[in-house]
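Asks:
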Amino acid sequence: MTRAPDRSDILCIGSVLWDVIGRSASHMEKGADVPGRILRLPGGVALNIAMTLARFGLRPALLSAVGRDPEGEELVAACAALGLETAHLYRSDDLPTDRYMAVEGANGLIAAIADAHSLEAAGAKILRPLADGSLAAPDAPYAGLVALDGNLTLTLLEDIAHGETFRAADLRIAPASPGKAERLLPFVRAGRGTLYVNLEEAGILCQTRFATTEAAAEALIARGALRVLVTDGARPTCDGASDGLVLREPPKVLVTRVTGAGDTFMAAHVAAERAGADRGAALERALAAAAAYVSGDTPS
Numbered sequence: 001m002t003r004a005p006d007r008s009d010i011l012c013i014g015s016v017l018w019d020v021i022g023r024s025a026s027h028m029e030k031g032a033d034v035p036g037r038i039l040r041l042p043g044g045v046a047l048n049i050a051m052t053l054a055r056f057g058l059r060p061a062l063l064s065a066v067g068r069d070p071e072g073e074e075l076v077a078a079c080a081a082l083g084l085e086t087a088h089l090y091r092s093d094d095l096p097t098d099r100y101m102a103v104e105g106a107n108g109l110i111a112a113i114a115d116a117h118s119l120e121a122a123g124a125k126i127l128r129p130l131a132d133g134s135l136a137a138p139d140a141p142y143a144g145l146v147a148l149d150g151n152l153t154l155t156l157l158e159d160i161a162h163g164e165t166f167r168a169a170d171l172r173i174a175p176a177s178p179g180k181a182e183r184l185l186p187f188v189r190a191g192r193g194t195l196y197v198n199l200e201e202a203g204i205l206c207q208t209r210f211a212t213t214e215a216a217a218e219a220l221i222a223r224g225a226l227r228v229l230v231t232d233g234a235r236p237t238c239d240g241a242s243d244g245l246v247l248r249e250p251p252k253v254l255v256t257r258v259t260g261a262g263d264t265f266m267a268a269h270v271a272a273e274r275a276g277a278d279r280g281a282a283l284e285r286a287l288a289a290a291a292a293y294v295s296g297d298t299p300s
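The sequence shown: position 275 = 275 (full-length UniProt numbering), numbered continuously.
1. Based on DSSP bridge pairs, tell me the residues matched to Glu85.
2. Assign Ala261 to buried or exposed, taking buried as 16 or more other Cβ atoms, counted over all protein chains shown, within 10 Å of its Cβ.
3. Please name the residue in Gly163, Tyr90, Phe187, Gly67 whose C-alpha comes closest to that of Arg227.
4. Using a threshold of 8 Å, state whether the C-beta atoms of Ala219 and Cys12 are closer than that.
5. Helix or strand or just coil, what does DSSP make of Arg55?
6. Quick one: grab the DSSP three-state call for Arg3.
7. Helix, strand or coil: which one does DSSP assign to Arg183?
8. Looking only at DSSP bridge pairs, what is Val103 linked to?
9. Who are the Cβ neighbours of Asn107 in its own chain at under 8 Å, not counting the five residues just before and after it?
10. Buried or exposed for Ser242, going by 16 or more other Cβ atoms inside 10 Å?
11. Please report the distance separating the alpha-carbon of Ala78 from that of Pro42.
12. Could you compute how far the alpha carbon of Thr2 sits from the alpha carbon of Leu109?
13. Rounded to whole angstroms, what's the CA-CA distance from Asp94 to Glu71? Just pull it up for me.
14. So, at 8 Å on beta carbons, what are the nonlocal neighbours of Asp124 in its own chain, with the 5 sequence-adjacent residues on each side left out?
15. Roughly how many whole angstroms lie between the Cα atoms of Thr259 and Gly36?
16. Would you identify the three-state DSSP class for Asp239, choosing helix, strand or coil?
17. What would DSSP say about Val34, mapped onto helix, strand or coil?
18. Decide if Asp6 is buried, meaning its Cβ has at least 16 other Cβ atoms within 10 Å, or exposed.
19. How would you write the range of the alpha helix (DSSP H) that Arg285 sits in, first residue to last?
20. Look at the alpha carbon of Ile221 and the alpha carbon of Arg257, and state the distance between them as a whole number of angstroms.
21. Taking the C-alpha atoms as reference points, what is the distance between Leu283 and Tyr90?
22. Smallest Cα separation from Glu164: which of Arg223, Leu247, Asp115, Ala137?
23. According to the neighbour-count rule (16 or more other Cβ atoms, all chains shown, within 10 Å of its Cβ), is Gly150 buried or exposed?
24. My output table needs one value for Val188: the three-state DSSP class, helix, strand or coil.
25. By Cβ distance below 6 Å, which residues in the same chain neighbour Gln38 in space, the five residues on each side in sequence not counted?
26. For my contact list, Thr237 and Thr213 are in at a C-beta cut-off of 8 Å; report their separation, rounded to the angstrom.
27. Excluding the five sequence neighbours on either side, which residues of its own chain have a C-beta within less than 7 Å of the C-beta of Arg223, listed in chain order?
28. Using the three-state DSSP reduction, which class does Leu17 fall into: helix, strand or coil?
29. Could you tell me which residues DSSP pairs with Asp149 in its beta bridges?
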């Protein structure tokens, strides 16, 4: 008999940290020094997805590593206030709370550094609730939705892709960044889960460059991926699977921010499909949510 997390609709596994984002309305090049705003916000791929899911009326449970330092205590309190289940977080006395720093200009993301060393150091400890009966057990695997990000180590992602812990789960996987896109290769090879990637990340996974999301989706499916959603900014997004491709155009909006847009797209898509939307309708709802986010019409 399978078990589901108490009071939760989906597990969000991966980075839960503080985002420090500098934003300017100016066009920026290397070495630019311009006026703007610097914000500190709860962030990380798994947390961004969870926060968006909560806005759609779901209650996500977080599986991640958060320190017991003041920053960690503040972050956990902020997550709880947003309606997220934090009881299953791995809380370390020795590891500091992770951070992400980015600079955005009118021309998009200029640079970013992700410090997820504590999450990587914690490793498989963050998955203990799936083995000790808290959320699931070896003889009763978790059978619900799981949003997973590529900030986990390659070894742990390999175990998730090929192991038994998630054999009954509906896996939804994001790479976290182009620099970590290759960490999704185990899921391509195993034919497990739904991958959410942009055109650059799709190219990294296939070791080539693609002109369109349609071509990228076809190539990933040919390499063994079960299902992929490939985005390319304001250009058409493709949902690819063995039974065909679905293409949709994103709404045209004025972009005011970019960090977290992909996470918003993924969360909105998961929520739409959970509510029963077909592939075309789910894609349209996800693109609308991402457009509202980048235009500044939804909260950070």
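Backbone N, C-alpha and C fix where the C-beta goes; we use that ideal spot for every residue, glycine too.
Replies: So, to answer that:
1. Working through the sequence shown from its first residue, we reach residue 85 at position 85. Ala61.
2. Counting from one through the sequence shown, the residue named residue 261 turns up at place 261. Buried, since its Cβ has 16 or more Cβ neighbours within 10 Å.
3. Residue mapping note: residue 227 aligns to position 227 of the sequence shown, counting from 1. Among Gly163, Tyr90, Phe187, Gly67, the Cα nearest to that of Arg227 belongs to Phe187.
4. Position 219 of the sequence shown, counted from the first residue, corresponds to residue 219. Position 12 of the sequence shown, counted from the first residue, corresponds to residue 12. No, the Cβ-Cβ distance between Ala219 and Cys12 is not below 8 Å.
5. The count along the sequence shown starts at 1 and reaches residue 55 at position 55. Arg55: helix per DSSP, three-state reduction.
6. Translated into the one-based positions of the sequence shown, residue 3 becomes position 3. Any answer about Arg3 is weak, because its pLDDT of 41 lies below 50 and its placement is not dependable; what the coordinates show is given next. Three-state DSSP puts Arg3 in coil, outside helix and strand.
7. Within the sequence shown, residue 183 is the residue found at index 183, counting from 1. Three-state DSSP puts Arg183 in a helix.
8. Translated into positions along the sequence shown, residue 103 becomes position 103. Bridge partners of Val103: Gly22, Ala111.
9. The residue labelled residue 107 in the question sits at position 107 within the sequence shown. Counting only Cβ-Cβ distances below 8 Å, and skipping sequence neighbours, we find His27, Met28.
10. Locating residue 242 in the sequence shown gives position 242, where the first residue counts as 1. Counting Cβ neighbours within 10 Å, Ser242 comes out exposed, since fewer than 16 surround it.
11. As a working mapping, residue 78 is identified with position 78 in the sequence shown. As a working mapping, residue 42 is identified with position 42 in the sequence shown. Going by the C-alpha atoms only, they are around 7 Å apart.
12. Within the sequence shown, numbered from 1, the residue matching residue 2 stands at position 2. Within the sequence shown, numbered from 1, the residue matching residue 109 stands at position 109. Confidence is the limiting factor: at Thr2 the pLDDT is only 40, short of 50, which leaves the residue's position unreliable and the question unanswerable from this model.
13. As a position in the sequence shown, residue 94 is number 94, starting the count at 1. As a position in the sequence shown, residue 71 is number 71, starting the count at 1. Looking at the two C-alpha atoms, the distance is approximately 13 Å.
14. Sequence index remark: in the sequence shown, residue 124 carries index 124 (1-based). According to the sequence as given, residue 124 is Ala; it is not Asp. Within the same chain, Ala124 has close Cβ partners Leu156, Asp159.
15. For the purposes of this step, residue 259 is identified with residue 259 of the sequence shown, where counting begins at 1. For the purposes of this step, residue 36 is identified with residue 36 of the sequence shown, where counting begins at 1. Cα to Cα, Thr259 sits roughly 16 Å from Gly36.
16. Position 239 of the sequence shown holds residue 239. Looking at Asp239 - three-state DSSP - the assignment turns out to be strand.
17. The residue labelled residue 34 in the question sits at position 34 within the sequence shown. Three-state DSSP puts Val34 in coil, outside helix and strand.
18. As a first step, residue 6 must be located in the sequence shown, where it is residue number 6. Because the pLDDT at Asp6 is just 49, under 50, the model does not fix this residue reliably, and the point stays unresolved.
19. If you number the sequence shown from 1, residue 285 lands on position 285. Counting along the chain, the alpha helix (DSSP H) containing Arg285 begins and ends at 279-294.
20. Translated into positions along the sequence shown, residue 221 becomes position 221. Translated into positions along the sequence shown, residue 257 becomes position 257. Between Ile221 and Arg257, the C-alpha separation is close to 31 Å.
21. One-based indexing of the sequence shown puts residue 283 at position 283. One-based indexing of the sequence shown puts residue 90 at position 90. Rounded to whole angstroms, Leu283 to Tyr90 spans 33 Å at the Cα level.
22. Counting from 1 along the sequence shown, the entry for residue 164 is found at position 164. If we check each option's Cα against that of Glu164, Ala137 comes out closest.
23. Position 150 of the sequence shown holds residue 150. That one is buried.
24. Position 188 of the sequence shown holds residue 188. It is helical.
25. Locating residue 38 in the sequence shown gives position 38, counting from the first residue. One point to set straight first is that residue 38 is Ile, not Gln, in the sequence displayed. Gly22, listed in sequence order.
26. Counting from one through the sequence shown, the residue named residue 237 turns up at place 237. Counting from one through the sequence shown, the residue named residue 213 turns up at place 213. Right, the Cβ-Cβ distance comes to about 6 Å (below 8 Å), so this counts as a contact.
27. The count along the sequence shown starts at 1 and reaches residue 223 at position 223. Excluding residues within five positions, the ones whose Cβ falls inside 7 Å are Val188, Cys206.
28. For the purposes of this step, residue 17 is identified with residue 17 of the sequence shown, where counting begins at 1. Of the three classes helix, strand and coil, the one that applies to Leu17 here is strand, per DSSP.
29. Within the sequence shown, residue 149 is the residue found at index 149, counting from 1. BP columns for Asp149 point to Ala174.
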